[in-house]
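Peer 1: Residue numbers (our numbering), protein chains in the order written: chain W, 133 to 1008; chain L, 19 to 130. Virtual Cβ for every residue (Gly too), placed ideally from N, Cα, C. Mind having a look at this structure? Questions to follow.
Laid out in structure tokens, this is it:
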């Protein structure tokens, strides 16, 4: 039985399938249907027949949906066009249409530009963090570190200084609002810290003066920043340390034991504050901040230079220059014969521009920032070249469109705006993709670079502006050449296929430049790997394999004799020695007077035992090894290093033997000359060193040379013996080699980043070459078919098609090699010890680029050569 | 039979002309067109509504739902001032075309 309402409901369902219908039109048509149905029934038709006729007259939902869809698109166009000048929306629509129609080439362009932009964004984030170190302190611009410089040198040499400097400065200069002193406990050795069963060795233990939190913005989660460091034996610890030593409990008000002087007598410290963990972008990272032990150092001795760091907060930043000019006379007021000068170092400059001796932590290097920026620019340039190349290569496909536009009255400037519109659209899409990719690969980048960049950093207004500027700039740059060439095409002009033309030469030039940039980055990557290998394997003047250093605290010193006997009895232990310092863990500098030299000479001082030279395999260059311990009498034996020889001015090792040495009231002579031992990173030259034998009580380390074959068992045995003899302290040791490599952590991270970036640059260049190759082969499909018919072999065709591309790559080497050599030499200058720039680096880079280029081209070429000539030549 | 092109070109001025005489709704517009053309202009019923929607987007007409005498609410369309201007321009164009058509449809004078 026909029911009108049911029929109308079913009829309306058909319209619900199309999203272009809104409720309004469907309601309109329902009313119309009812009216038409009524009219048909009035004409005498039955209900069902009238309904069918009315439905027929309205028409199908599909046809109506198409009409409504046109209206929707028109409404959308008008909505955007309100904000855009005339035709601009049209440019966007044309660009969108082209992107959808030519997905393959669009992918190459968008992916390439997005990759380049991602590199740019990551580089900007990296540079922003590196150059933004310490700027989270609200008073950063007014905080200066007081550093020392040798009087003759004229430039700062030391980040550390004397405890006497700070209080004297504050007293003498009213423009100094506050002075803060920070002392790093020990000189590289780790400090015992314990609470009940939680016992560890820590290396971020500092002492700080009471005004620390009023100058620096390290927020306290608990405790009063004004008083936390006022009372003696108070300590502020970070949140991480609170969790480590007081898991699940409140740390405030609890007692923590620490042995900063390594005397074997842990001192109780009351926890008076819990600080937020120090952010990554700080030049100092502390876990513990304790009040100064006033007995530990002479606070009036300007000449006592230890791991003390002085910071001043000025009333105004501008007062720094005037204050600087008064520092020399300030020193003369307090010290009759100063042997150094003072300088003020702006706090924000420390990270990138300070590479002095005794920095609190290794700093960054502005050279790396420049290197990254250049590599990111190279990658972006390669991506832009890809776009320009593909766009101009596909000129013929656009000639008809351009001809029609010109015939309809389009001016050249309108065409140029159209092509820029296309390139800006691609650039914008690439920018969106780049932002998404940057966020997703940030954790991986952090791992590579050792940074802790967060996605939130991307929301920084400066970065947003940089992102927009990048999109605009890249869009304009990449669209420039296509706009120039394509807008010049005349209607009706036919370009000849395969014949030399200016556009063809231009494309070759662009591909050549692309590959030149890629070869440069690859050469840089090879060189950085070489330099890292050099660092790993460089002869440091001592045998670093299997060498461990054990912290010798005051508790263990009485047991040293027994420890040494038992350890040497372990088959895996070859030799043992003690010393005040070991390579990579601090040093002491003192001035010595030498016979035949009018002025005192500053040398690194190593207080060692008689087994030290043999344990470290130092080579004797002249004289006899030192055996006698130092005392205040004359006749003390000293050993100097080769570079000390040069600094003193003796003509040869043999000439130095027997020469008198004096420091304060200690007299002696040079008994031996040994080779240089690297105690710092390879960014610095060898340190001129003087050795003497001192008592174990002044030594902080035991060095053990182990057989590399049975390390785990040997270490287990060493630990067992230590626990037996020194049960109250855990064993603390480290491998000298690992400690040395850690000094080059930054270099290793940079090297890894350069390697990854160079791979990316080659990938983008190949992407472009692939796209260009595909296009060129498309154009020569008929030619390939004809050659096959005329008897050309497969390999002959592949060789002929590939040869053209390969020539460009070979030419790229001529450009890349000199440029790469110049840049590499500049980078290596930062290392006092460096690998050589061998020709094979360039040859290998060039060959690699060639092989990759050939593989990129040969696959589509081979496929084209194998195609059936009939299909290629069929007339359509 | 009237060509589709001519029907399409005349749709807008006819709708505007009908609405210039007073508000109206879709079904009524279709019936008036059929009646005025003696059945010669038989518009597709459903296709009228996208055209009305487009004209409303162009602000030539506006619409509202009105229930008269408590009956079913209908979607009524009104002509706007912009629509009246467009109608005037369209009628001027059509008169000129018609004038030219009439002129060229008169028999040629007999040659001597």
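1. Can you round the beta-carbon distance between residue 376/W and residue 330/W to whole angstroms, since I take them to be within the 8 Å contact cut?
2. Are the C-beta of residue 88/L and some C-beta of chain W separated by less than 8 Å?
3. Closer than 8 Å is the cut-off here; do at least three beta carbon pairs connect the region 808-818 of chain W with the region 755-770 of chain W?
4. What residue ranges within the region 457-513 of chain W form continuous alpha helix (DSSP H) runs of no fewer than 4 residues, ordered along the chain?
5. Could you tell me which chain L residues have their CB closer than 8 Å to the CB of residue 168/W, listed as they occur along the chain?
6. Measuring only the C-alpha atoms, how far is residue 790/W from residue 805/W?
7. Any beta-carbon of chain L closer than 8 Å to the one on residue 140/W?
8. Determine the closest residue to residue 374/W out of 396/W, 177/W, 994/W, 419/W, with distance taken between C-alpha atoms.
9. Could you spell out where the alpha helix (DSSP H) holding residue 373/W opens and where it closes?
10. Answer yes or no: do residue 959/W and residue 499/W have a C-beta to C-beta separation smaller than 8 Å?
11. If you pair each beta-carbon of the region 585-597 of chain W with each one of the region 272-280 of chain W, do three or more pairs fall below 8 Å?
12. Could you list the residues in the region 52-86 of chain L with a C-beta less than 7 Å from some C-beta on chain W, going in chain order?
13. Measuring straight from C-alpha to C-alpha, what distance separates residue 990/W and residue 142/W?
14. Just by C-beta distance, which residues in the region 149-164 of chain W are closer than 9 Å to chain L?
15. Can you find at least 3 beta carbon pairs, one from the region 699-711 of chain W and one from the region 833-848 of chain W, that sit closer than 8 Å?
16. Using DSSP with H/G/I as helix, E/B as strand and the rest coil, what is residue 1001/W?
17. Any chance the region 675-684 of chain W sits against the region 826-841 of chain W, with 3 or more Cβ pairs inside 8 Å?
18. Between which two residues does the beta strand (DSSP E) containing residue 334/W stretch?
19. Can the beta-carbon of residue 745/W be found less than 8 Å from the beta-carbon of residue 810/W?
20. Per the DSSP calculation, residue 400/W is bridged to which residue(s)?
21. Check whether the Cβ atoms of residue 492/W and residue 618/W lie closer than 8 Å to each other.
22. If we define contact as Cβ-Cβ less than 8 Å, is residue 30/L a contact residue for chain W?
23. Got a sec? Which residues, its chain only, sit under 6 Å from residue 590/W by beta carbon, not counting five neighbours each side?
24. Kindly say whether residue 39/L, judged by its beta-carbon, lies nearer than 8 Å to any beta-carbon of chain W.
25. For residue 717/W, list the residues DSSP reports as bridge partners.
26. How is residue 1009/W classed by DSSP in three states: helix, strand or coil?
27. Residue 98/L CB to nearest chain W CB: under 8 Å?
28. Can you determine whether any heavy atom of the ligand PLP sits closer than 7 Å to the C-beta of residue 301/W, and answer yes or no?
29. So residue 390/W and residue 325/W are supposed to be a Cβ contact under 8 Å. How far apart are they, rounded?
30. Tell me whether residue 630/W is buried or exposed, calling it buried when 16 or more other Cβ atoms sit within 10 Å of its Cβ.
31. Helix or strand or just coil, what does DSSP make of residue 886/W?
32. Interface residues of chain L around residue 175/W at Cβ under 8 Å?
33. Using a cut-off of 9 Å between C-beta atoms, extract the partners of residue 207/W located in chain L.
34. Over what stretch of residues does the beta strand (DSSP E) that includes residue 560/W continue unbroken?
35. Please decide whether residue 203/W counts as near chain L, where near means a Cβ-Cβ distance under 8 Å.
Peer 2: Put simply:
1. 7 Å
2. no
3. no
4. 482-485
5. 45, 63
6. 11 Å
7. no
8. 419/W
9. 371-377
10. yes
11. no
12. 62, 63, 64, 65, 67, 68, 71, 72, 75
13. 60 Å
14. 156, 157, 159, 160, 161, 163, 164
15. yes
16. helix
17. yes
18. 330-334
19. no
20. 389/W
21. no
22. no
23. none
24. no
25. 714/W
26. In the structure as shown, chain W starts at 133 and stops at 1008, and residue 1009/W therefore has no counterpart that could be examined.
27. no
28. This structure lacks the ligand PLP; in fact it carries no ligand of any kind.
29. 5 Å
30. Any reading at residue 630/W must be qualified, since the residue scores a pLDDT of 41, below 50, and its modelled position is unreliable; the value itself is stated next. Exposed, by the Cβ-count rule.
31. helix
32. Going along chain L, no residue has its Cβ under 8 Å from residue 175/W, so there is no contact; the nearest lies around 13 Å.
33. 75
34. Looking at the DSSP string, residue 560/W is not in any beta strand (DSSP E); the run it does join, the alpha helix (DSSP H), is 544-581.
35. yes
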